[in-house]
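Under this note's numbering, residues 7 to 403 are what the sequence shown spells out, in order.
Notes follow the structure.
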Amino acid sequence: MRVILMTGKGGVGKTSVAAATGLRCAELGYKTLVLSTDPAHSLADSFDIELSHEPKLVRDNLWGAELDALIELADNWGSVQRYITQVLQARGLEGVQAEELAILPGMDEIFGLVRMKRHYDENEFDVLIVDSAPTGTALRLLSLPEVSGWYMRRFYKPLQGISVALRPLVEPIFRPIAGFSLPDKDVMDAPYEFYNQIEALEKVLTDNSITSVRLVTNPERMVIKESLRAHAYLSLYNVATDLVVANRIIPDEVTDPFFTRWKEQQQQYKQEIYDNFHPLPVKEIPLYSEEMCGLAALERLKETLYGDDDPSQVYYQETTIKVMQEEGVYSLHLYLPGTTKDRIQLSKTGDELNVRVGNHRRNLVLPQTLAALQPSGAKMEDDYLKIRFAEPAKVSS
Numbered sequence: 007m008r009v010i011l012m013t014g015k016g017g018v019g020k021t022s023v024a025a026a027t028g029l030r031c032a033e034l035g036y037k038t039l040v041l042s043t044d045p046a047h048s049l050a051d052s053f054d055i056e057l058s059h060e061p062k063l064v065r066d067n068l069w070g071a072e073l074d075a076l077i078e079l080a081d082n083w084g085s086v087q088r089y090i091t092q093v094l095q096a097r098g099l100e101g102v103q104a105e106e107l108a109i110l111p112g113m114d115e116i117f118g119l120v121r122m123k124r125h126y127d128e129n130e131f132d133v134l135i136v137d138s139a140p141t142g143t144a145l146r147l148l149s150l151p152e153v154s155g156w157y158m159r160r161f162y163k164p165l166q167g168i169s170v171a172l173r174p175l176v177e178p179i180f181r182p183i184a185g186f187s188l189p190d191k192d193v194m195d196a197p198y199e200f201y202n203q204i205e206a207l208e209k210v211l212t213d214n215s216i217t218s219v220r221l222v223t224n225p226e227r228m229v230i231k232e233s234l235r236a237h238a239y240l241s242l243y244n245v246a247t248d249l250v251v252a253n254r255i256i257p258d259e260v261t262d263p264f265f266t267r268w269k270e271q272q273q274q275y276k277q278e279i280y281d282n283f284h285p286l287p288v289k290e291i292p293l294y295s296e297e298m299c300g301l302a303a304l305e306r307l308k309e310t311l312y313g314d315d316d317p318s319q320v321y322y323q324e325t326t327i328k329v330m331q332e333e334g335v336y337s338l339h340l341y342l343p344g345t346t347k348d349r350i351q352l353s354k355t356g357d358e359l360n361v362r363v364g365n366h367r368r369n370l371v372l373p374q375t376l377a378a379l380q381p382s383g384a385k386m387e388d389d390y391l392k393i394r395f396a397e398p399a400k401v402s403s
């Protein structure tokens, strides 16, 4: 299965691009699913057809679906939801309030990952196009395998064993006092099983022959800057971007003086898109005189965007992490386009290298060769952060 993630700042047109990409893939004969994981769904509006949690046929070879976090929660984490509801009810909340509060913040993002993994495992479709949440939310979603793994390895697994062993001894004392039971084995097992699914999905997300991100942007200063940050953060999580879509560019045939200054600014920002994202390919979409709503409008967008292209191809093979050896010195190269060295913080704990760019952090588990060494310097060069490693300094006695 080919997986394409569409993301970008809110309002740039990523849903329309995702829908048009789905139309072209279906036209080429691929069984295609366009899945919206954005909490503010607009995919149904784009297709101008009612959609639900389960895939619905839009036209030949094309299905659409909008993620329902409540259904995914019941299917994947029902025992945990019931337990949280029980705890909240014991604290005095009414039944409906307790059930609503049992849906923790960020659940829709997490279950977007689970849904992707299920479709990948079932392999019912040739192409999965994910209309993801706006950039910031999507990046948190992509970092979940990394972050959850860190906590699960260090804290949850030991706690799980202790809890199961102590529950029969503590429960008779705990329940009368607290008003609810300690979590049973099903409740304790659910998060770890859930983590195993997410960890398996990480291999799919970071395989750039399977998964690509496509950044949708507009020729505007703030949008371009957020797109550049997104590209750097995606590289930090080892998720490859293969295409940039520059949307809503005012056509040359628009000659009204009202648009003169706007067109001049767009020309400047359009050149910035090509320069700053180089060598990624860029596709341009004009600002249409009509709303991109309904299959007829999406057909026109599809022709403009892809023409005779096959959207399922990998437009650019991006290598985000490389381990190099030069003259006996090892170095780790991280592709962080558009990032300056002063925004990067590095530290090493055990066999993990902690890399922080802005407010995003990644714990890289180092290969055995580098785990025994210490970072000895770093520099930004050709959009790569090049970190040198050396033998740790010996402490004199």
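Note that beta-carbon positions come from the ideal geometry of N, C-alpha and C, so glycine has one too.
Note that the coordinates shown come from a computational prediction; the quantities given were computed from them, not determined experimentally.
For the set E290, K15, A46 and W69, the Cα lying nearest the Cα of G35 is the one of W69. For V361, the beta-bridge partners assigned by DSSP are L352 and R368. Taking a C-beta distance under 9 Å as the contact criterion, Q323 and D248 qualify as a contact pair. The C-beta separation of Y341 from Y280 comes to about 18 Å, leaving the pair out of contact by the 8 Å criterion.
Pairwise C-beta distances place the region 295-310 out of contact with the region 328-340, as fewer than three of them are shorter than 8 Å. Distance between L63 and N202, taken at the CA atoms: about 31 Å.
Judged by beta-carbon spacing, G118 lies within the 9 Å limit of T43, meaning their Cβ atoms are closer than that value. Setting aside the 5 residues that flank it on each side, G344 is surrounded in the same chain by L234, R235, H237, A238, N282 and D389, each with a C-beta closer than 8 Å to its C-beta; the list follows chain order. If you compare the alpha carbons of P287, P263 and A25 with that of S138, the shortest gap goes to A25. Our two residues, E72 and S58, have alpha carbons roughly 6 Å apart in a direct line.
Nearest to Q274 by alpha-carbon distance, out of K191, I291, I230 and Y294, is I230. In the structure shown, the three-state DSSP call for I279 is helix. In this chain, E333 is not harboured by any beta strand (DSSP E), its DSSP state being neither H nor E.
Comparing alpha-carbon positions, the option among V251, Q319, R121 and E208 lying closest to L76 turns out to be R121. For the pair P398 and I327, the Cα-to-Cα distance works out to about 23 Å. Boundaries of the alpha helix (DSSP H) harbouring E33: K20 to E33, taken from the DSSP string.
DSSP places S48 in the coil class of the three-state scheme, outside both helix and strand. Going by DSSP, L311 is part of the alpha helix (DSSP H) stretching over L301 to Y312.
With contacts defined by Cβ atoms closer than 9 Å, R220 and V176 do not form a contacting pair. Proximity to L41 across K15, V9 and D66 peaks at V9, based on C-alpha coordinates. Using a Cβ distance threshold of 9 Å, T38 and L134 count as a contacting pair. For E232, the number of other beta carbons within 10 angstroms of its own is at least 16, and it is reported as buried. Put simply, of F200, R254, N214 and N360 the residue whose alpha carbon is nearest the alpha carbon of N244 is N214. For M228, the uninterrupted alpha helix (DSSP H) run begins and ends at R227 to L242, by DSSP.
Excluding the 5 residues flanking it on each side, R394 has same chain C-beta neighbours closer than 8 Å at V335, Y336, S337, P381, S382, G383 and A384, in chain order.
Around the Cβ of Q374, a 10 Å sphere holds fewer than 16 other Cβ atoms; the residue is exposed. According to the DSSP assignment, A71 belongs to the beta strand (DSSP E) that extends over L68 to E72. With a cutoff of 9 Å on beta-carbon distance, R30 and K289 are scored as not near each other. In the structure shown, the three-state DSSP call for T346 is coil. Burial check for S295: the Cβ neighbour count within 10 Å stays below 16, so the residue is exposed.
Boundaries of the alpha helix (DSSP H) harbouring T375: Q374 to A377, taken from the DSSP string. At a Cβ-Cβ threshold of 9 Å, L242 and V361 count as neighbours. Going by beta carbons, G14 and K20 fall inside the 9 Å limit.
The Cβ atoms of T310 and P292 sit closer than 9 Å to each other.
When DSSP states are grouped into helix, strand and coil, Q319 belongs to the coil group. Of the residues H47, P263 and R65, the one whose Cα lies closest to the Cα of D74 is H47.
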